Amino acid sequence: MQSNQLEKLFKEYVLECNYTRALSPETIKSYTHVFNAFNKVMPEISAPEYLTKHSLNLFYERLGTRERVVGKNIVSGKLKQSTIKTYYSKLVAFFRWMERNNYLDVGFSDAIVKPPEPKYTDEKALTDIEISKLMATICLHTMDDVLMYQRDMLILNFCIYSGLRRNELLSLKVQDVDLVSRTIKVNASTSKSKKDRYIPLHPQLLQQLDTHLKERRLRGLKCPYIVTSTRKDEQLTVHGLIHWVKRYRKLSGVRFHIHQTRHTFACSLAKSGADIATIMKALGHSTTQMTERYLRSITPEHARNYIDKLSY
Numbered sequence: 001m002q003s004n005q006l007e008k009l010f011k012e013y014v015l016e017c018n019y020t021r022a023l024s025p026e027t028i029k030s031y032t033h034v035f036n037a038f039n040k041v042m043p044e045i046s047a048p049e050y051l052t053k054h055s056l057n058l059f060y061e062r063l064g065t066r067e068r069v070v071g072k073n074i075v076s077g078k079l080k081q082s083t084i085k086t087y088y089s090k091l092v093a094f095f096r097w098m099e100r101n102n103y104l105d106v107g108f109s110d111a112i113v114k115p116p117e118p119k120y121t122d123e124k125a126l127t128d129i130e131i132s133k134l135m136a137t138i139c140l141h142t143m144d145d146v147l148m149y150q151r152d153m154l155i156l157n158f159c160i161y162s163g164l165r166r167n168e169l170l171s172l173k174v175q176d177v178d179l180v181s182r183t184i185k186v187n188a189s190t191s192k193s194k195k196d197r198y199i200p201l202h203p204q205l206l207q208q209l210d211t212h213l214k215e216r217r218l219r220g221l222k223c224p225y226i227v228t229s230t231r232k233d234e235q236l237t238v239h240g241l242i243h244w245v246k247r248y249r250k251l252s253g254v255r256f257h258i259h260q261t262r263h264t265f266a267c268s269l270a271k272s273g274a275d276i277a278t279i280m281k282a283l284g285h286s287t288t289q290m291t292e293r294y295l296r297s298i299t300p301e302h303a304r305n306y307i308d309k310l311s312y
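When we follow the UniProt record's numbering, the leftmost residue of the sequence shown carries the number 1, and every step to the right adds one.
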């Protein structure tokens with residue numbers, strides 16, 4: 001056995017994820033990040049035969065006692081249940097691949113104790129006041145640039161009115177929008193679920209989109225993507241969107257990120273009376289269990305308006 005066999009096998013696994021299973025670059029990046037952490041913290045496990053059903057527990061313990069970077073901070077201490085669940089799911093997916101390819105005994109992954117579902121108590125959804133602050137900030141700081149104002153307002157409204165993932169938003173093309181039927185198509189090739197889905201366009205988003213596309217045509221801009229750079233007639237990059245978020249976090253004082261707006265969209269639908277199956281389809285989830293995690297900002301107090309309207 002070569003000392004780096006596990007790493008070589010992981011590279012084979014990534015190739016399959018990339019070409020055969022056609023997973024998104026973001027998903028593959030997350031798998032790689034988790035494996036690199038495991039490989040660094042558990043150097044003695046250099047080949048499949050050194051793995052045991054207790055290896056992940058030791059990995060969690062070691063990771064919790066060493067300093068690690070979280071955002072801009074260096075922290076140490078016990079891992080969050082959500083972090084443990086993430087590491088478990090991504091590493092076990094790799095272990096199951098090794099089982100299928102006869103590098104591990106069949107059933108090895110099933111012998112690993114599955115961590116409990118994390119209990120979320122923090123509120124992820126943006127409040128109405130926070131959304132208003134972001135809109136006001138965009139208006140204030142783009143009033144001298146019509147194209148930038150339209151583009152920036154469009155990004156925010158696409159997020160809160162359609163709940164698109166970052167990659168889905170950046171990959172959305174003009175041809176994916178049907179202004180007549182008022183729908184947008186999220187293509188399977190860009191969706192995490194690998195399935196096409198259609199999302200109805202909110203009237204406000206529809207109007208902004210129509211206005212922005214007309215402005216682009218008047219200026220002779222021909223980029224096929226909806227969200228573009230304001231400097232060049234090109235698709236906005238991931239780095240460009242990250243810069244956009246940082247800019248408006250600083251200017252507005254609202255601490256937010258793009259994925260948080262998916263929670264906002266889901267909670268807004270729930271507060272409006274949408275059933276969980278409808279929300280699940282709009283978000284592109286495969287199970288209602290995943291959707292329920294997005295609704296953790298819904299509290300019993302939100303039922304007040306409905307309760308007040310009850311009549312017998």
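By construction, the Cβ of each residue, glycine as well, lies at the ideal position given by its N, Cα and C atoms.
For clarity, every value in this text was computed on a predicted model and none was experimentally measured.
Secondary structure of D233 (DSSP, three-state): coil. By alpha-carbon distance to S30, the top candidate from K222, N4, Y19, A93 is A93. Bounds of the beta strand (DSSP E) holding I184 are 183-186. M42 is the residue among M42, P48, T52, Y50 whose C-alpha sits nearest the C-alpha of L63. Under the DSSP assignment, R197 falls in the beta strand (DSSP E) whose first and last residues are 197-200. A direct Cα-Cα distance of roughly 12 Å separates T261 from R255.
Runs of the alpha helix (DSSP H) lying entirely within the segment 206-271, each at least 4 residues long, are 238-252, 258-271 in chain order. With fewer than 16 other CB atoms across the displayed protein chains lying within 10 angstroms of its CB, G107 is exposed. Inside the segment 11-91, DSSP marks whole beta strand (DSSP E) runs of 3 or more residues at positions 68-70, 73-75, from first to last along the chain. According to the DSSP assignment, Y161 belongs to the alpha helix (DSSP H) that extends over 146-162. Inter-residue distance for L251 and Q235 is about 24 Å (C-alpha atoms, whole angstroms). With a cut-off of 8 Å on Cβ pairs, the segment 271-290 is in contact with the segment 184-193, counting three or more such pairs. Of L206, K194, I160, the smallest CA-CA separation from D178 is found for L206. For L172 and K195, the gap between their C-alpha atoms comes out near 15 Å.
The C-alpha of A125 is placed about 27 Å away from the C-alpha of Y225. The residue from P200, V174, N167 with its alpha-carbon nearest to that of R217 is V174.
Annotated three-state conformation of V113 is coil, per DSSP. Using a Cβ-Cβ distance cut-off of 8 Å, the segment 264-284 and the segment 148-155 are not in contact, since fewer than three pairs of beta carbons, one from each stretch, lie closer than that value. Annotation: S162 to T291 spans about 15 Å, alpha carbon to alpha carbon. Listed in chain order, the non-local C-beta contacts of S229 below 8 Å within the same chain comprise Q235, L236, T237, G240, local neighbours out to five positions each way being set aside. Under the DSSP definition of a beta bridge, D178 partners with T183. With fewer than 16 other Cβ atoms from the protein chains shown falling within 10 Å of its own Cβ, M143 counts as exposed.
Under the three-state reduction of DSSP output, K194 falls in the coil class, being neither helix nor strand. Taking a 10 Å sphere around the C-beta of D176, we find 16 or more other C-beta atoms and assign the residue as buried. When the beta-carbon positions are compared, L134 and Y294 stay at least 9 Å from each other. Judged by their CB atoms, L6 and A47 are nearer to each other than the 9 Å cut-off.
In this structure, L56 keeps its C-beta atom at 9 Å or more from the C-beta atom of Y13. For K124, the three-state secondary structure derived from DSSP is coil. DSSP places L170 in the uninterrupted alpha helix (DSSP H) bounded by 166-171. Secondary structure at R100: helix, using DSSP grouped into helix, strand and coil. For P200 and S24, the gap between their C-alpha atoms comes out near 24 Å. Following the DSSP letters along the chain, one finds R293 inside the alpha helix (DSSP H) bounded by residues 288-294. Taking C-beta atoms under 8 Å as the contact rule, R166 and H259 qualify, at a distance of about 7 Å.
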